[in-house]
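Q:
4 protein chains.
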Amino acid sequence: MTTETETCHAHGYTPEKAAYLRRLRLIEGQVRGLARMVEEDQYCIDILTQVTAVTSALKAVSLGLLEDHLTHCVADAARKGGPEGKEKIDEAMQAIKRLTR
Amino acid sequence: MTTETETCHAHGYTPEKAAYLRRLRLIEGQVRGLARMVEEDQYCIDILTQVTAVTSALKAVSLGLLEDHLTHCVADAARKGGPEGKEKIDEAMQAIKRLTR
Amino acid sequence: MTTETETCHAHGYTPEKAAYLRRLRLIEGQVRGLARMVEEDQYCIDILTQVTAVTSALKAVSLGLLEDHLTHCVADAARKGGPEGKEKIDEAMQAIKRLTR
Amino acid sequence: MTTETETCHAHGYTPEKAAYLRRLRLIEGQVRGLARMVEEDQYCIDILTQVTAVTSALKAVSLGLLEDHLTHCVADAARKGGPEGKEKIDEAMQAIKRLTR
Chain A
1 MTTETETCHA HGYTPEKAAY LRRLRLIEGQ VRGLARMVEE DQYCIDILTQ
51 VTAVTSALKA VSLGLLEDHL THCVADAARK GGPEGKEKID EAMQAIKRLT
101 R
Chain B
1 MTTETETCHA HGYTPEKAAY LRRLRLIEGQ VRGLARMVEE DQYCIDILTQ
51 VTAVTSALKA VSLGLLEDHL THCVADAARK GGPEGKEKID EAMQAIKRLT
101 R
Chain C
1 MTTETETCHA HGYTPEKAAY LRRLRLIEGQ VRGLARMVEE DQYCIDILTQ
51 VTAVTSALKA VSLGLLEDHL THCVADAARK GGPEGKEKID EAMQAIKRLT
101 R
Chain D
1 MTTETETCHA HGYTPEKAAY LRRLRLIEGQ VRGLARMVEE DQYCIDILTQ
51 VTAVTSALKA VSLGLLEDHL THCVADAARK GGPEGKEKID EAMQAIKRLT
101 R
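Protein sequences, first through last, are from chains A, B, C and D. Numbered by the UniProt record's numbering, the letters in the first sequence go through residues 1 to 101 in order. Numbered by the UniProt record's numbering, the letters in the second sequence go through residues 1 to 101 in order. Numbered by the UniProt record's numbering, the letters in the third sequence go through residues 1 to 101 in order. Numbered by the UniProt record's numbering, the letters in the fourth sequence go through residues 1 to 101 in order.
#1: For the alpha helix (DSSP H) containing Val61 (chain A), list its first residue and its last residue.
#2: Is Lys17 (chain D) buried or exposed, if buried means 16 or more other CB atoms sit within 10 Å of its CB?
#3: Looking at Ala75 (chain B) and Ile89 (chain C), is the spacing between their C-beta atoms short of 8 Å?
#4: Using beta-carbon positions only, say whether Leu66 (chain A) and Ala35 (chain A) come within less than 8 Å of one another.
#5: Can you have a look at residue 112 (chain A) and say buried or exposed, based on whether 16 or more other CB atoms are within 10 angstroms of its CB?
#6: Rounding to the nearest angstrom, what Cα-Cα distance links Thr52 (chain A) and Arg98 (chain B) in this structure?
#7: Report buried or exposed for Glu39 (chain C), applying the criterion of at least 16 other Cβ atoms within 10 angstroms of its Cβ.
#8: As a quick exercise: from C:Gly85, C:Pro15, C:Arg23, C:Leu70, pick the residue whose alpha carbon is nearest that of Ala92 (chain B).
#9: Just tell me which of C:Arg101, C:Glu87, C:Val54 has its CA closest to the CA of Gly33 (chain C).
#10: Mind listing the chain C neighbours of residue 150 (chain D)? Cutoff is C-beta to C-beta under 8 Å, in chain order.
#11: For my contact list, Arg79 (chain C) and Arg79 (chain B) are in at a C-beta cut-off of 8 Å; report their separation, rounded to the angstrom.
#12: Quick one: residues in its chain with C-beta nearer than 8 Å to the C-beta of Ile27 (chain A), no 5 flanking neighbours on either side, listed in chain order?
#13: Roughly how many angstroms separate the alpha carbons of Arg101 (chain B) and Thr49 (chain A), rounded to a whole number?
#14: For the candidate residues A:Pro83, A:Asp46, A:His11, whose alpha-carbon lies nearest to that of residue 150 (chain B)?
#15: Pull up the CB-CB distance for Cys44 (chain C) and Cys44 (chain D), whole angstroms please, since I reckon it's below 8 Å.
#16: Mind checking whether Thr14 (chain A) and Asp41 (chain B) have CB atoms under 8 Å apart?
#17: Within 10 Å of its beta-carbon, does Gly85 (chain D) have 16 or more other beta-carbons around it, so buried, or fewer, so exposed?
#18: Please name the residue in D:Pro83, D:Gly64, D:Glu87 whose C-alpha comes closest to that of Ala19 (chain D).
#19: Quick check on the DSSP output: the alpha helix (DSSP H) that includes Arg23 (chain C) runs from which residue to which?
#20: Can you give me the Cβ contacts of Pro83 (chain C) inside the same chain, cut-off strictly under 7 Å, excluding the 5 residues immediately before and after it?
#21: From residue 110 (chain B) to Glu87 (chain A), what distance separates their C-alpha atoms?
#22: Whose Cβ in chain C lies nearer than 7 Å to the Cβ of Glu39 (chain D)?
#23: Give, in chain order, every residue of the segment 81-92 of chain C whose Cβ lies closer than 8 Å to some Cβ of chain D.
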């Protein structure tokens, strides 16, 4: 999907990989919990409240990944100079636009 | 969590229960896919793109549940009149506020 | 743009018209303040913070209008029954979808 | 509000100042249009649609300012190295978090 450039071999999130995996496993469990609520015919509004909790947890993961990406990949590319710095910022801006939609 | 009132015994989403369960199972799989991407050290921006896809899928579920809720529980409560109609709208507004955050 | 139906002659927000006009005037002043900040070359991040404040103020206006609309026009249409109740909810859902984008 | 650092004297948005001022003036006019709609008792849903248009226009301004900021101030700070690079990214992340709320 993306041309993984040399600037960014060890990804920004790598040092926190275990923490991200733990958070994603919790989110997976939350989604399973949503299915259980639907299965048990729980009240619509209570399910909606839980969906919002999952969405917030996912947004926190996004913002974490974005921060790691800016701190490592984008900053490294800026330091090297050349067109790649701008490309990395354009790519990050596209991701930010998707996040704010 | 919520005082499940008599207006709303068969929940708005009940006729579509199977469809919601299917969508939630797909979302669960997407979250597992995210963990796999982190595990395999995939590129941060590609992971972010996928997180956005999961968030969109969850938002679509929320909007579906909300629509079913308005069409059934809230409209029924309005028809019955009395304070309950207003209570249901207040409760729905709280959910909408959480969704727009 | 919209076929204004008979259910909804005095709009939901009418009793609070003066309050809405006051809030919109404040927002207009905030937008003028943004232009002044750009004019005076103020720091990008400070301008961004102010843009967020204006967006929040507008969102509060939206949620207020929506709540008035659900409480009056939508609830009235539901009480009358017939296809119009469902049409009003569909129309409100379209507005909610735009709000959550 | 912010310690305006030396990295960032000519702000990222400066070359586009006239364009930003034009866009903000349009937004100011749109907000005035909203007040007129309320004044004239227009239909709630039509007003809501217009509020969404103003919010979108403001969001586009935010994303433009953020892009200019990342391309200039943040990239410059990264190039210079030292703690300031990280500070600029932290500050930008705070702005991004406010934008995604």
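Virtual Cβ for every residue (Gly too), placed ideally from N, Cα, C. Bear in mind that the values here come from a model prediction, so they are computed numbers and not experimental data.
A: On the basis of the coordinates in this document:
#1: In this chain, the alpha helix (DSSP H) harbouring Val61 (chain A) covers 44-69.
#2: Classification of Lys17 (chain D): exposed, given that the 10 Å Cβ count is below 16.
#3: Going by C-beta atoms, Ile89 (chain C) is nearer than 8 Å to Ala75 (chain B).
#4: In this structure, Ala35 (chain A) does not lie closer than 8 Å to Leu66 (chain A) by Cβ.
#5: Outside the shown range of chain A, which is 1 to 101, sits residue 112 (chain A), and nothing can be said about it.
#6: Distance from the CA of Thr52 (chain A) to the CA of Arg98 (chain B), rounded to the nearest whole angstrom, comes to 7 Å.
#7: That one is exposed.
#8: Of C:Gly85, C:Pro15, C:Arg23, C:Leu70, the residue nearest in Cα terms is C:Leu70.
#9: Nearest C-alpha to Gly33 (chain C): C:Val54.
#10: No information on residue 150 (chain D) is available, as it lies outside the stretch 1 to 101 that chain D covers here.
#11: About 6 Å separates the two Cβ atoms, so the contact holds.
#12: Hits under 8 Å: Val54, Ala57, Leu58, Val61.
#13: The straight-line gap separating the alpha-carbon atoms of Arg101 (chain B) and Thr49 (chain A) is approximately 12 Å.
#14: Outside the shown range of chain B (1 to 101) lies residue 150 (chain B), about which nothing can therefore be said.
#15: So it is not a contact: roughly 36 Å between Cβ atoms.
#16: In terms of Cβ geometry, Thr14 (chain A) and Asp41 (chain B) form a close pair [threshold 8 Å].
#17: Looking at its Cβ environment, which holds 16 or more other Cβ atoms inside 10 Å, Gly85 (chain D) is buried.
#18: Comparing Cα-Cα distances from Ala19 (chain D) to each of D:Pro83, D:Gly64, D:Glu87, the minimum goes to D:Gly64.
#19: Note, Arg23 (chain C): alpha helix (DSSP H), 17-39.
#20: So the list is empty, once near-sequence residues are dropped.
#21: Here chain B has residues from 1 to 101 only, and residue 110 (chain B) is not among them.
#22: The answer, in chain order, is Leu21.
#23: Answer in chain order: Glu91, Ala92.
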